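Residue numbers (the numbering used here): 248 to 406.
No residue lacks a Cβ here, since even glycine has one placed at the ideal position from N, Cα and C.
Because the structure is a prediction, the values reported are computed rather than measured.
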C-alpha cells in the first residue's frame, strides 16, 4: 500500500534519488514492477472518477426513497456504518469528514461505494435558514418598541 500511496501523492514534496542505496538496516524485497504500476494506474483512475463524482465536500447525503429495502441483508464495514449514521441533507460532507476524523479521499471513497450500492444519494447541501422564510414569519418578527425608538431619536437630537 505504501507504494500505491506514493503513486497517488499529489501534495507536498517528494524526492527520489536513483543513485542512493538504502541503509544497512533496510530489508530489500525484489518485486516485479509491472503489476505494481498497473495497480497504481488503476487507483489513479479510480480517484479521478471519485473526484469527478464528488468534486466538492460542500454536498450532503440523503437516503433514497426505498432505503429500508436496500439495507436489508447489507454488510457494511465499520467506517461505512459511521458515515451512514450521519446521512442527513443538513450535514455537509465536510462536517461528516471532520466529525469522523477522515481524510478527504477516505470520505469520498466511502460515499462513492455507498452511492454505487444505491444506499445513499448525493445532494446539494441544504443551507440553514438565515432569515425569515415567509411573509408570515417576517411579520411575526418583533418590532422595536416605539418608546425606545423615540427615546433614541431625542437622545441623538440633543447631541
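Between residue i and residue j, which are expected to be in contact by the criterion C-beta below 8 Å, what is the C-beta distance as a whole number of angstroms?
i, j, result
"residue 255", "residue 292", "That belief does not hold up - the Cβ atoms of residue 255 and residue 292 are roughly 10 Å apart, past 8 Å."
"residue 309", "residue 368", "5 Å"
Return the residue from the list the options that minimises the CA-CA distance to residue i.
i, options, result
"residue 276", "349, 329, 250", "250"
"residue 363", "300, 278, 339, 268", "300"
"residue 295", "280, 355, 325", "355"
"residue 313", "258, 253, 366, 252", "366"
"residue 297", "371, 357, 393, 335", "357"
"residue 258", "302, 288, 324, 352", "352"
"residue 302", "371, 394, 335", "371"
"residue 248", "263, 281, 287, 268", "287"
Could you check if residue i is buried or exposed, using at least 16 other CB atoms within 10 Å of its CB as the buried criterion?
i, result
"residue 307", "buried"
"residue 397", "exposed"
"residue 339", "buried"
"residue 278", "exposed"
"residue 253", "exposed"
"residue 322", "exposed"
"residue 343", "buried"
"residue 280", "exposed"
Leaving out the 5 sequence neighbours to the left and right, which residues in its chain are closer than 7 Å to residue i when beta-carbon positions are compared?
i, result
"residue 283", "250"
Spatial neighbours of residue i within its chain, please: C-beta separation below 8 Å, excluding the five flanking residues on both sides.
i, result
"residue 347", "326, 329, 330, 333, 354"
"residue 317", "311, 364, 365, 366"
"residue 324", "none"
Against chain C, does residue i count as a neighbour if the rule is that its beta carbon must be under 9 Å from one of theirs?
i, result
"residue 340", "The structure shown contains no chain C; it is built from a single protein chain."
Runs of alpha helix (DSSP H) lying entirely within the region 256-332, each at least 4 residues, in chain order: Qualifying alpha helix (DSSP H) stretches, in chain order: 280-300, 314-318, 325-331.
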